[in-house]
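Only one structure is covered here, and it is reproduced in the block below.
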Amino acid sequence: MTMQEKLALACGILAMQGHNDLIYGHVSALSETPGQYWIKGSGIGLEEVTEDDLVLIDFEGNKIAGKRKRHNEFPIHSEVYRTNPEIRCVIHTHPVYSTIIASSEHRLLPITNMSCAFYPPALKKFEESSDLIVTAEQGIAVAKLLGEHKIVLLRNHGIVVAANSIEEACVRGVLLEHSAKTQVAAASMGAFSWATDAEALLKRKRFYHPDAVQNLWEYFGRQLRQHQGK
499 MTMQEKLALA
509 CGILAMQGHN
519 DLIYGHVSAL
529 SETPGQYWIK
539 GSGIGLEEVT
549 EDDLVLIDFE
559 GNKIAGKRKR
569 HNEFPIHSEV
579 YRTNPEIRCV
589 IHTHPVYSTI
599 IASSEHRLLP
609 ITNMSCAFYP
619 PALKKFEESS
629 DLIVTAEQGI
639 AVAKLLGEHK
649 IVLLRNHGIV
659 VAANSIEEAC
669 VRGVLLEHSA
679 KTQVAAASMG
689 AFSWATDAEA
699 LLKRKRFYHP
709 DAVQNLWEYF
719 GRQLRQHQGK
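In my numbering, the protein residues as written are 499 to 728.
See the structure below:
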C-alpha cells in the first residue's frame, strides 16, 4: 500500500469512527521530499477522500501537486513537522466527545483500558483561542503543547494528534474519541472512578504497544471495508 493509499484509508477510518464533521478536518503525512507533505484537500468530507483528493504542499502552504485546494489550517501540520522531526503524520479533526472534553474543566481520565494510553500525564489543552489555526505563530503554540502523548485538545474546536506513522496516528485518534465518549457517558451518571496512575501505566504496556497498534489498524480497515460493502 502506498503512502497516499494509507492516508486516504486513515481518512475513511477516522470518518467512520466519529471524526467526521461535514467537510472539515484534515489528515497529512510527510512526503519523502524534505519540507513537503500530502494532505487531504478541502471541500470534501473525510469519508470521501481517495488518493486523488490529496494535495502536496510545502511548509509555507504552497501547492505543488493535486487538483484540490489546500485547507487554511495548514500551519498546524507545518509547524508540528517543523518542531518535531520524528513526526510523520498529523491529524486535525473535530470529534464530538473529544471536543467536549477539550472545552470542559475536566481532564481525559483512564476510565477504560485503552484510555490508559492517554493518561498519565494529562493531555494538554490549547486555550489561547477557539478560532482556526491559520498562522505560523498559532501553529507553533499548538506544536509546543503536544507533550509525551503527541496530542493537543483545542478548546471549543477539536484535537491535534501526531505520530511517527499514519497507522499510529489514526489508531490514536480513534482510541482518543472512544475514550472521550466513555468519559462523557460516565459523567452523565454522576461520580465515577478511574485507574490509578500505576494501574494506568501498567495497562498501557499490556494494551498499547506496536503489535496492538498494527492489529487495530488492520481491524479498523476491515471494519471500513465491511461498512462500504467491499
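Cβ atoms here follow ideal geometry from the backbone N, Cα and C, with glycine treated the same way.
No experiment lies behind these values; they were computed from the predicted model shown.
Taking residue i and residue j to be in contact with their CB atoms under 8 angstroms, please state how far apart those CB atoms are, rounded to whole angstroms.
| i | j | result |
| --- | --- | --- |
| Pro573 | Ala693 | That pair is no contact at about 36 angstroms. |
| Tyr617 | Ala698 | 6 angstroms |
| Ala527 | Cys587 | 5 angstroms |
| Leu651 | Glu571 | That belief does not hold up - the Cβ atoms of Leu651 and Glu571 are roughly 16 angstroms apart, past 8 angstroms. |
| Thr597 | Leu512 | Going by Cβ atoms, the distance from Thr597 to Leu512 rounds to 14 angstroms, so no, they are not a contact pair. |
| Gln681 | Leu621 | With 8 angstroms as the limit, Gln681 and Leu621 do not qualify as a contact, their Cβ atoms being about 12 angstroms apart. |
With a Cβ-Cβ cutoff of 7 angstroms, do residue i and residue j count as a contact?
| i | j | result |
| --- | --- | --- |
| Glu584 | Glu549 | no |
| Gly516 | Pro593 | yes |
| Arg653 | Ala600 | yes |
| Ser540 | His575 | no |
| Phe718 | Asn611 | no |
| Asn518 | Gly543 | yes |
| Ile537 | Val553 | yes |
| Ala634 | Leu644 | no |
| Leu722 | Met514 | yes |
Spell out the partners DSSP gives residue i in its beta bridges.
| i | result |
| --- | --- |
| His524 | His590 |
| Ala563 | Leu554 |
| Lys622 | Val650 |
| Tyr535 | Leu528 and Ile555 |
| Asp519 | Tyr522 |
| Val658 | His590 and Val650 |
What I want to know is whether the C-beta of residue i ends up closer than 6 angstroms to one or more non-hydrogen atoms of the ligand FMN.
| i | result |
| --- | --- |
| Glu545 | As presented, the structure is devoid of all ligands, the ligand FMN included, so that no description of it is given. |
Please list, in chain order, all residues of the same chain as residue i whose beta carbon is under 8 angstroms from its beta carbon, the five residues on each side excluded.
| i | result |
| --- | --- |
| Met499 | Leu507 |
| Glu545 | Cys509, Gly510, Ala513, Met514 and Asn518 |
Enumerate in chain order the residues of its own chain whose CB-to-CB distance from residue i is below 7 angstroms, with the five nearest sequence positions on each side excluded.
| i | result |
| --- | --- |
| Ala684 | Ile609 and Phe690 |
Please determine, among the options, the residue with the shortest C-alpha to C-alpha distance to residue i.
| i | options | result |
| --- | --- | --- |
| His655 | Asp556, Tyr522, Gly645 and Asp551 | Tyr522 |
| Leu674 | Gln726, Asp556, Ile657 and Val632 | Ile657 |
| Gly461 | Trp715, Asp551, Tyr579 and Lys565 | Since the first residue shown for the chain is 499 and the last is 728, residue 461 is missing from the structure and cannot be characterised. |
Which same chain residues end up closer than 6 angstroms to residue i when comparing Cβ atoms and leaving out the 5 residues on each side of it in sequence?
| i | result |
| --- | --- |
| Ile649 | Leu621 and Val659 |
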